[in-house]
Amino acid sequence: MPEGHVLHRLADELTCAFGGRRPRISSPQGRFAAEALLLDGTTLRQASAVGKHLFIDFEDERVVHIHLGLIGRMAIGPVGPVVGQVRLRLATDTIAADLRGPQGCRLTDPDHAAAMVARLGPDPLDPAADPDILLDHVRRLRRPVATVLLDQGVLAGVGNVYRAEVLFRLGLDPLTPAAALPADTWRALWDDLVLLMAEGKRLGRIDTVRPAHTPEAMGRPPRVDDHGGEVYVYRRTDQPCLVCGTPIRRRDLAGRNLYWCPTCQGGR
DNA sequence: CGAGCATGGTGAC
DNA sequence: TCACCCTGCTCGA
63 MPEGHVLHRL ADELTCAFGG RRPRISSPQG RFAAEALLLD GTTLRQASAV GKHLFIDFED
123 ERVVHIHLGL IGRMAIGPVG PVVGQVRLRL ATDTIAADLR GPQGCRLTDP DHAAAMVARL
183 GPDPLDPAAD PDILLDHVRR LRRPVATVLL DQGVLAGVGN VYRAEVLFRL GLDPLTPAAA
243 LPADTWRALW DDLVLLMAEG KRLGRIDTVR PAHTPEAMGR PPRVDDHGGE VYVYRRTDQP
303 CLVCGTPIRR RDLAGRNLYW CPTCQGGR
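Letter by letter, the first sequence follows residues 63 to 330 in our numbering.
Here it is as C-alpha cells:
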C-alpha cells in the first residue's frame with residue numbers, strides 16, 4: 063500500500079477526524095505505550111505528510127513520526143474492538159485510527175521532524191515543491207533512472223509502482239543513467255508524477271492507465287490489476303503489454319522488482 | 001497450515 | 001549487497 067499518495071491521504075483524513083480534538087491515545091500492542099500515555103488527553107493539532115513520512119502534531123511541541131515501511135498500514139473507521147497487533151490507536155467516541163506493522167512510530171519534536179524532512183528530495187504531492195532541485199541533482203547521477211526514482215533523497219514519495227508506471231508512460235529504458243536523460247525528460251517525469259500521484263491521492267489507489275492518455279487513445283482496453291488499480295506494467299510479468307502486446311519483463315534491480323516493456327521502453 | 005512474498009528502509013559488512 | 005524488521009495475504013501441500 064504505502065507510496066507517498068497513501069501518506070498524504072492519511073494525513074488529510076487524520077486532520078479531518080482528529081484535528082483540534084483530544085483523542086484517546088493508546089498502544090494495545092505495547093510498543094508505543096509510554097509515549098501514548100504521555101500524549102493521551104492532549105490536543106492533536108494536525109497531521110501532515112512529506113514523501114512517505116507521516117507527522118502528527120500535538121500541543122506542547124510533540125510530534126509523532128510514523129513511517130509505514132513495506133507492510134505497515136493505518137486503518138481509519140468506526141470504533142471497534144482491537145484486532146491484531148495495533149501499535150497505536152487514536153480514538154474519539156466514534157472514530158478510531160489503528161496503526162499496524164509500521165517500520166517506525168516515534169515521539170519526537172518539530173526540530174527533529176524538520177531535520178528529517180530536510181534530507182528528502184522534492185515531493186510531487188507538495189504544491190510548493192521545487193522541481194529545479196531535482197533537475198540539478200540528477201544531472202550528476204550516473205545510476206540508472208529506475209534506481210534514482212526510488213531514492214527518497216532525490217525525489218520523495220515515489221515507490222515501486224509509480225516508478226515502473228511513470229517510466230513506461232514516458233517510454234524510457236529503466237537502465238538509462240539518470241544524467242543521460244535531458245532536463246526536459248526529467249521535467250516530464252516530474253510533471254507526470256505530479257499528475258499521477260495527485261490522482262492516486264484523490265482516488266485512494268494507483269491508477270496510471272486512465273488519467274493522462276486514455277487506453278482508447280493507445281489502442282487497447284484497460285486492464286484492472288489485482289491490486290485494485292489499473293496499471294501498464296507493475297506486476298504484469300509475462301502478460302502482454304497493453305500498448306504493443308510484447309510480454310512484460312521483470313528483473314531485480316538493487317533488491318527491488320523492476321517491471322517494463324522491452325519494446326515500448328527500449329532494449330535490455 | 002507453513003512458506004513465500006509485498007507498493008520500504010536500516011544497519012552491518 | 002545482504003540480513004533483517006514488521007503484518008497480512010496468497011499459494012501449494
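Even glycine gets a Cβ: it sits at the ideal position worked out from N, Cα and C.
Only a predicted model underlies this, so the values are computations on that prediction, with no experimental measurement involved.
Asked	Found
Looking at Thr299: is its Cβ nearer than 8 Å to the Cβ of Cys323?	no
If you check the beta carbons only, do Tyr46 and Val216 fall under 8 Å apart?	Because the chain here runs from 63 to 330, residue 46 falls outside it and cannot be looked at.
Name the one or two DSSP bridge partners that Trp322 has.	Arg311
Can at least three beta-carbon pairs, one atom from the stretch 190-205 and one from the stretch 239-258, be found at a separation below 8 Å?	yes
Near Pro164, which residues of its chain fall below 7 Å by C-beta distance, leaving aside the five closest residues on each side in sequence?	Ile128, His129, Leu130, Gly131, Gly134 and Arg149
Decide if Pro236 is buried, meaning its Cβ has at least 16 other Cβ atoms within 10 Å, or exposed.	buried
What residue from Asp188, Pro206, Ala176 and Thr154 has the CA that sits closest to Ala218's CA?	Asp188
With Val305 as the anchor, note down where its beta strand (DSSP E) starts and where it stops.	That residue, Val305, is in no beta strand (DSSP E); it is neither H nor E in DSSP.
With a floor of 4 residues, list each alpha helix (DSSP H) that falls wholly inside the stretch 171-226, ordered by position along the chain.	172-180, 193-200 and 207-211
Around the Cβ of Val144, are there at least 16 other Cβ atoms within 10 angstroms (buried) or fewer (exposed)?	exposed
Answer yes or no: do Ala241 and Leu203 have a C-beta to C-beta separation smaller than 8 Å?	yes
Give the secondary structure of Arg231 by DSSP, where H, G and I count as helix, E and B as strand, and everything else as coil.	helix
For Gly281, name the three-state secondary structure that DSSP assigns.	Confidence at Gly281 is low in this model, with a pLDDT of 48, below 50, so its placement is unreliable and the value that follows should be read with caution. Three-state result, Gly281: coil.
CA-CA distance, His70 and Ile118?	12 Å
DSSP three-state call for Asp155: helix, strand or coil?	coil
Would the beta-carbon of Ala109 fall within 8 Å of that of Thr154?	no
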